[in-house]
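Structure, as structure tokens:
Protein chains: 2
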Amino acid sequence: MNDENAVKILAALAQSTRFYVFRLLIRKGPSGLSAGAIAKELKVAQNTLSTHLNILTAAGIITYTREGRTLIYRSELQNTKNFMDYLVTDCCEGQPELCSFGK
Amino acid sequence: MNDENAVKILAALAQSTRFYVFRLLIRKGPSGLSAGAIAKELKVAQNTLSTHLNILTAAGIITYTREGRTLIYRSELQNTKNFMDYLVTDCCEGQPELCSFGK
DNA sequence: TCGATATATCAACGAATATCGAATTATTAG
DNA sequence: CTAATAATTCGATATTCGTTGATATATCGA
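As given, the protein sequences belong to chains A and B, one line each in that order. Take any residue in the first sequence, count from 1 to its spot, add 613: that is its number in the working numbering. Take any residue in the second sequence, count from 1 to its spot, add 613: that is its number in the working numbering.
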């Protein structure tokens with residue numbers, strides 16, 4: 614993880630539809646959800662959602678696998694965790710006891 | 614924390630200058646840093662930085678206190694933590710053991 | 001092969017955002 | 001009060017972003 618990567622992830626999440634997709638997939642866990650199911654759930658146009666899914670995928674916080682003609686999207690838990698850790702690394706330099714973020 | 618709040622924080626962080634400011638203040642901890650010192654460190658125009666600081670403040674992840682004619686900015690650790698927790702709540706619904714995020 | 005289903009890509013347009021120069025407010029020192 | 005310093009606010013402009021309609025690609029079943 615580095616600044617460029619983190620900002621890319623933040624930009625991907627900084628839009629309400631994409632944020633909702635992200636959290637939905639986090640909740641679903643490894644089973645994931647098809648693009649169509651997500652579109653239906655969020656009541657978003659199919660092509661609009663496709664663009665959003667592409668942005669989240671490019672940022673590395675979700676992935677997909679094809680199953681027949683449907684694409685199953687899933688959250689990338691490890692990358693998400695790396696990203697979150699990066700946000701607060703070196704908190705309170707020298708005095709980590711002042712932080713609420715466990716190392 | 615709610616979706617609207619989280620997206621506001623994400624939008625605040627999704628810009629390289631602001632992200633750098635955020636991480637700088639996280640690193641500094643409770644002692645904080647003046648607006649001028651931040652501008653000098655980042656080599657950013659003073660009014661541009663002011664706008665950025667305002668956006669981070671409105672999002673609730675930093676605050677400031679006046680000391681004479683300088684404003685000292687600090688990270689809001691508790692809000693930052695609440696935000697991060699919110700990102701991954703209910704991960705892998707029903708099977709938290711699949712997650713890398715401790716409850 | 002043909003039609004249907006699932007999803008992605010492209011071009012265009014309006015909305016939101018970052019930055020800059022200029023002006024403004026607040027505080028302190030003389 | 002005046003000058004100097006620290007920082008914010010305003011107006012304008014150029015760039016980026018989200019959505020949409022239309023079209024394209026991939027897979028499946030008959």
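Each residue gets a CB set at the ideal place from its N, CA and C atoms; glycine is no exception.
**Q.** chain A contact residues for B:TYR633, given Cβ-Cβ distances below 8 Å
**A.** Ordered by position in chain A, the residues that pass the 8 Å Cβ test against B:TYR633 are ASP616.
Q) Can you give the Cα-Cα distance for B:VAL701 and A:GLN691, rounded to whole angstroms? A) Inter-residue distance for B:VAL701 and A:GLN691 is about 12 Å (C-alpha atoms, whole angstroms).
Q | Span separating the alpha-carbon of A:LEU646 from that of A:ASN667 | A | Cα to Cα, the separation comes out at about 15 Å.
Q: Over the uninterrupted beta strand (DSSP E) stretch that includes B:ILE684, give me the two end residues.
A: Looking at the sequence shown, residue 684 of chain B is not Ile but Leu. Element bounds for B:LEU684: 683-688.
Q: Give a yes or no on whether 8 Å exceeds the smallest Cβ distance from A:GLU689 to chain B.
A: A:GLU689 does not count as touching chain B.
Q: Could you tell me the distance, in whole angstroms, from the CA atom of A:CYS705 to the CA atom of A:PHE714?
A: Between A:CYS705 and A:PHE714, the alpha-carbon positions lie close to 10 Å from each other.
Q. Using 8 Å as the limit for Cβ to Cβ distance, is B:LEU646 near chain A?
A. No, B:LEU646 does not count as interfacial toward chain A.
Q | Residues near A:CYS712 by beta carbon distance below 6 Å, same chain, minus five either side | A | If we look at A:CYS712 and ignore the five residues flanking it on each side, its Cβ neighbours are CYS704 and CYS705.
Q.
Tell me the DSSP secondary structure of B:ILE675 in three-state form.
A. If DSSP states are grouped into helix, strand and coil, B:ILE675 belongs with the strands.
Q.
Is there a C-beta anywhere in chain B that falls below 8 Å from the one on A:GLU654?
A. So no, A:GLU654 is outside the interface.
Q. Can you tell which of B:VAL620, B:ARG682 and B:TYR686 has the C-alpha that lies nearest to the C-alpha of B:ILE651?
A. With respect to the C-alpha of B:ILE651, the residue from B:VAL620, B:ARG682 and B:TYR686 having the closest C-alpha is B:TYR686.
Q | Bounding residues of the alpha helix (DSSP H) (the contiguous stretch that carries A:ASP616) | A | Element bounds for A:ASP616: 616-626.
Q. Can you tell me the Cα-Cα spacing of A:ILE674 and A:VAL620, whole angstroms?
A. So the alpha carbons of these two residues sit roughly 12 Å apart.
**Q.** Rounded C-alpha distance that separates B:THR676 from B:THR693
**A.** The C-alpha of B:THR676 lies about 12 Å from the C-alpha of B:THR693.
Q) Counting contacts by CB-CB distance shorter than 8 Å, is B:GLY673 in contact with chain A? A) Not one chain A Cβ lies under 8 Å of B:GLY673.
**Q.** B:GLU680, DSSP secondary structure in three states
**A.** Judged by DSSP in its simplified three-state form, B:GLU680 adopts strand.
Q: Could you work out which residues of chain B lie near A:GLU706, taking near to mean beta carbons separated by less than 8 Å?
A: Close to A:GLU706, with beta-carbon spacing below 8 Å, are these residues of chain B in chain order: ARG640, LYS641 and GLY642.
(Q) Under 8 Å, Cβ to Cβ, is there at least one residue of chain A near B:VAL657? (A) No, no contact with chain A.
Q | Cutoff 7 Å; reference A:SER663; Cβ partners in own chain excluding five residues on either side | A | Spatial neighbours of A:SER663 in its own chain (CB-CB distance under 7 Å, excluding positions within 5 residues in sequence) are listed in chain order as ALA648.
**Q.** Three-state secondary structure (DSSP) of A:SER647
**A.** Look at A:SER647 here: in three-state DSSP terms it is strand.
Q.
Using 8 Å for Cβ pairs, my map puts B:GLY638 next to B:SER688. What's the rounded Cβ distance?
A. First, the residue type needs correcting, since residue 638 of chain B is Leu and not Gly in the sequence shown. So it is a contact: roughly 4 Å between Cβ atoms.
Q: Give me the Cα-Cα distance between A:ASN660 and B:LYS653, rounded to the nearest whole angstrom.
A: If you take the alpha carbons of A:ASN660 and B:LYS653, they lie about 44 Å apart.
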